[in-house]
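Q:
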Amino acid sequence: MAKGIRGGEAGRGWLFISPALVIIGLFLVLPILLAVWVSFSDWNGLGSPLSGNTSFVGTKNYEKLLVDPGLSQRDFGTSIRNNFYYVILVVPLQTALALFLAVQVNRRILKARGFFRTAFYFPSVTSSIAITGIFIFLFSASGAINALLGWLGINGPNWLADPRGIFHNFVELFGVHSAPTALAAGGPLGISWWEWLAGPSVAMCMLIVLAIFTTSGTFMLIFLAGLQSIGAEIDEAALMDGTGPFRKFFSITLPMLKPTLFTVITLGLIGTWQLFDQVYLTGGGAPGKTLLTPAYLSYETSFKGLNWGQGAAMAFLLFLLIVALTLLQRYILRDRHKGEKLDKEMQRQIALHASVTKGGTS
Amino acid sequence: MTKLRASALASYVMLVILALIYIYPFLLSLAGSFKTDADATNNPLSLLPQTWSFAAYERLFTQVPLPLWAMNSVIIAVIVTLGRVFLDSLAGYALSRLQFRGRNVIFAGLIAVMAVPNVVLLIPRFLMIKELGIYDSYAGMIIPLMVDAAGIFIMKQFFESIPVSIEEAARIDGAGIFRTFWTIVLPMARPALVTLFILSFQGSWNEFAHFIISRQSTDLNTLTTGVASLFSGQLGSGNQFPLKLAAAVLMTLPVAVLFFVFQRKIMSTTEGAEKG
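These protein sequence lines map, in sequence, to chains A and B.
Residues 2 to 363 in the numbering used here are what the first sequence lists, from first letter to last.
Residues 24 to 299 in the numbering used here are what the second sequence lists, from first letter to last.
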């Protein structure tokens, strides 16, 4: 009786949380530790990496990716290049489109807002496999996209079979067909500057369109939450000034949406560096390795090449990159994100969408 | 006035075109799944098959083990969803209401864990699943997905938003902690539970990468890994788009139904703040 109504809480607290702790410990924390060991070892996939025949090789696996010239380094460099162009194009475009859609469907006078929201959000709920499959159909040589381009008199490419970088294609218009001597060698990670500057391949363009198509709806919902939490203030401010819609957007709405904007950009950066499912489905990096991404390459190096140490090392390099981007975002957001209420609602939104997009849809 | 109306009309036209762009791929796939192979290739933009063909669906159920894949997907999604809803709410409740030492440390740990991207976990998880001897089994496919930090976070936040007085009254009346949680708190948490249910089902139904690394036998293919194997071409000659599209349509149906049933709920994550 001495304990009162708080009696037994400590025991129950631990009991309630222990299943979650055990699963997260067993399938998240311990695996990471195990993989750290593997990334410093020469494990070949046979038996347990903890058994006697696996030995410590120091930072060899990391060196093979970062400093030693060779195929491993070139593939890793290529995957970074490919994913970089994907990120640099997808993130701004999907953010801008999501914001545009959110502003449109947030207007009170708009009829059938529900219909439009549903239409824009629906691609976000479908599985990455189904939607990638649909896009392979749409972008096939004689598919819907090329038929549409045909109406405009454009002879569409054979998208998924085309490894040419779009920047290379562009300079070809001016008669530059091969690398100028200044760019023919010497880039980082064993790839020439000319290759770094190739731009996304025509095939990658399809995945870029796909990503924008499937994630703009998710981010539209986050922007909507942001817009609605500042809605009244905006209207008041705009009414007082008598500003037009464009000025209202750029001088009032956009600055107030800054925290949401940073959130969406960060989620976008994190998601786009994890491109995996789509690469798997389109032939594991084909054409000409221009769809290879670090996430897929680490899988392939381990599961197919049985070079587990290098695969694990690659996963951690990718992890570091994503952590760095997250910390950068935390740092940028630190001072601006005030107001406890907005904070909680936005956190909830982020958790909601994080748990959806974690499955690999983005 | 007319200027206003013209601009309203223009923005409607633009939105309708945009909506069409978002919807048309799905309609095309649906139509394509009822076309013949030649028709799908020759008339890629048409929403009406020249002749309606059910061959793709027939093949999916006779020559392709789609029913088996679907069964695996259902088993996994149901267990993962129930597990997540139950375990996430237990953990969320402990973190929001029960006083015990180490609570803050655990919560901080969870937030850190939320930041670990899934693709980074593929190799680590495979290693652990192998170590535990549950590779290529339902256990290895299901258990790692049964708890998610984001879900715990959502539940914790919800429990914090409901008044503590009702639980205290129940506790004073002599109800134990678990009974209070089960009969009083959980029913009040229905909105959050529904949200978690939708997210968990959608997430586990659509999961792909984890099932690539946790199994190898074809008997354990889910819809995602099975349909992916169709695309990597074990089908013989031709592109066979109708078959692939039919598979894509079928695997999308459950999440589409769930989406339309709970549409208001999903979208209203944003309506809450819209008091006008």
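Virtual Cβ for every residue (Gly too), placed ideally from N, Cα, C.
Who are the neighbours of Arg126(B) on chain A, taking C-beta pairs under 9 Å?
A: By one-based count along the second sequence, residue 126(B) stands at place 103. Simply Gly14, Ile18.
Q: Using 9 Å as the limit for Cβ to Cβ distance, is Asn141(B) near chain A?
A: Start at 1 with the first residue of the second sequence, and residue 141(B) comes out as number 118. Yes, because at least one Cβ of chain A sits closer than 9 Å to the Cβ of Asn141(B).
Q: In chain order, what residues of the same chain lie with their CB nearer than 6 Å to the CB of Gln275(A), ignoring the 5 residues before and after it?
A: Position 274 of the first sequence holds residue 275(A). Closer than 6 Å at Cβ, skipping near neighbours: Ala296.
Q: Counting only the same chain and skipping the five closest in sequence on each side, list residues whose C-beta sits under 8 Å from that of Pro48(B).
A: Within the second sequence, the letter at position 25 stands for residue 48(B). So no residue of the chain qualifies.
Q: Any contact between the segment 29-44 of chain A and the segment 59-66 of chain A? By contact I mean 3 or more CB pairs, one from each, below 8 Å.
A: Cβ pair count under 8 Å is three or more, so yes.
Q: If the cut-off is 8 Å on Cβ atoms, which residues from the segment 104-123 of chain B count as contacting chain A, listed in chain order?
A: Listed by position along the chain: Leu110, Asp111, Leu113, Ala114, Tyr116, Ala117, Leu118, Leu121, Gln122, Phe123.
Q: Tell me whether the beta-carbon of Val265(A) lies closer than 9 Å to the beta-carbon of Thr96(A).
A: Indexing the first sequence from 1 puts residue 265(A) at position 264. Indexing the first sequence from 1 puts residue 96(A) at position 95. Their beta carbons are under 9 Å apart, which means Val265(A) touches Thr96(A) by this criterion.
Q: Within the same chain, show all residues whose beta-carbon is closer than 6 Å to that of Ile146(A), passing over the 5 residues directly before and after it, in chain order.
A: The count along the first sequence starts at 1 and reaches residue 146(A) at position 145. So the qualifying residues of the chain are Leu139, Phe140.
Q: Can you pull the chain A residues whose beta carbon is under 7 Å from the beta carbon of Arg148(B), in chain order?
A: In the second sequence, counting from the first residue as 1, residue 148(B) sits at position 125. Within chain A, the residues near Arg148(B) are Phe28, Pro32.
Q: Please go through the same chain and pick out, in chain order, the residues whose beta-carbon is closer than 6 Å to the beta-carbon of Val106(A), but skip the five residues on each side of it.
A: Residue mapping note: residue 106(A) aligns to position 105 of the first sequence, counting from 1. Taken in chain order, the residues that qualify are Arg114, Phe117, Arg118.
Q: So what's Ser202(A) in DSSP terms, helix, strand or just coil?
A: For this step, residue 202(A) is matched to residue 201 along the first sequence. Of the three classes helix, strand and coil, the one that applies to Ser202(A) here is strand, per DSSP.
Q: Please confirm whether Thr327(A) has its beta-carbon closer than 9 Å to some beta-carbon of chain B.
A: Within the first sequence, residue 327(A) is the residue found at index 326, counting from 1. It does: the Cβ of Thr327(A) has a partner Cβ on chain B nearer than 9 Å.
Q: Strictly below 7 Å CB to CB, what residues from chain B border Val177(A)?
A: Start at 1 with the first residue of the first sequence, and residue 177(A) comes out as number 176. By Cβ distance, chain B contributes nothing, its closest Cβ being about 34 Å from Val177(A), past 7 Å.
Q: Scan the segment 282-295 of chain A for residues whose Cβ lies nearer than 7 Å to a Cβ of chain B and list them as they occur along the chain.
A: Answer in chain order: Leu282.
Q: Is DSSP giving Ser42(A) helix, strand or coil here?
A: Here residue 42(A) corresponds to residue number 41 of the first sequence, with the count starting at 1. Ser42(A): strand per DSSP, three-state reduction.
Q: Report the start-end ranges of each beta strand (DSSP E) in the segment 14-94 of chain A that is 3 residues or longer and not cut off at the edges.
A: The segment 14-94 of chain A contains no whole beta strand (DSSP E) run of 3 or more residues.
Q: When you compare the segment 85-104 of chain A with the segment 174-181 of chain A, are there three or more beta-carbon pairs, one atom per stretch, that lie closer than 8 Å?
A: They do not touch, by the three-pair rule.
Q: At which residue ranges does the segment 134-205 of chain A contain complete beta strand (DSSP E) runs of 3 or more residues, listed in the order of the chain?
A: Complete beta strand (DSSP E) runs here, min 3: none at all.
Q: So what's Gly115(A) in DSSP terms, helix, strand or just coil?
A: One-based indexing of the first sequence puts residue 115(A) at position 114. Note: Gly115(A) maps to helix in three-state DSSP.
Q: Return yes when the Cβ of Phe220(A) is within less than 9 Å of the Cβ of Ala99(A), no when it is not.
A: As a working mapping, residue 99(A) is identified with position 98 in the first sequence. As a working mapping, residue 220(A) is identified with position 219 in the first sequence. Yes, they are a contact pair.
Q: Could you give the DSSP three-state label for Pro212(B): helix, strand or coil?
A: As a first step, residue 212(B) must be located in the second sequence, where it is residue number 189. It is worth fixing the name first, because residue 212(B) is Ala in this sequence and not Pro. Ala212(B) falls in the coil class under three-state DSSP.
Q: Would you kindly report the start and end of the unbroken alpha helix (DSSP H) that includes Tyr161(B)?
A: Position 138 of the second sequence, counting from 1, holds the residue named residue 161(B). Residues 161-165.
Q: Could you check the C-alpha separation between Pro288(A) and Val250(B) for me, to the nearest Å?
A: Here the question's residue 288(A) lines up with position 287 in the first sequence. Here the question's residue 250(B) lines up with position 227 in the second sequence. So the two alpha carbons sit approximately 21 Å from each other.
Q: Okay, do the segment 200-219 of chain B and the segment 112-128 of chain B touch, 3+ Cβ pairs below 8 Å being the bar?
A: Contact between the segment 200-219 of chain B and the segment 112-128 of chain B is present, because at least three Cβ pairs lie under 8 Å.
Q: Going by C-alpha distance, which of Ile223(A), Ala148(A), Trp309(A), Leu149(A) is nearest Ile146(B)?
A: Your numbering for residue 146(B) matches position 123 in the second sequence. The shortest Cα separation from Ile146(B) among Ile223(A), Ala148(A), Trp309(A), Leu149(A) belongs to Trp309(A).
Q: Determine whether the Cβ of Lys267(B) lies closer than 9 Å to any Cβ atom of chain C.
A: In the displayed structure, chain C is absent; the protein chains listed are A and B.
Q: With burial defined as no fewer than 16 other Cβ atoms inside 10 Å of the residue's Cβ, what is the status of Leu282(A): buried or exposed?
A: Locating residue 282(A) in the first sequence gives position 281, counting from the first residue. Looking at its Cβ environment, which holds 16 or more other Cβ atoms inside 10 Å, Leu282(A) is buried.
Q: Taking Pro260(A) as the query, report the chain B residues whose CB atoms sit under 9 Å from its CB, ordered along the chain.
A: Along the first sequence, one-based indexing puts residue 260(A) at 259. None at all; the shortest Cβ gap to chain B is about 15 Å.
Q: Helix or strand or just coil, what does DSSP make of Leu71(B)?
A: Walking along the second sequence from the start, residue 71(B) turns up at place 48. Correct three-state label for Leu71(B): coil.
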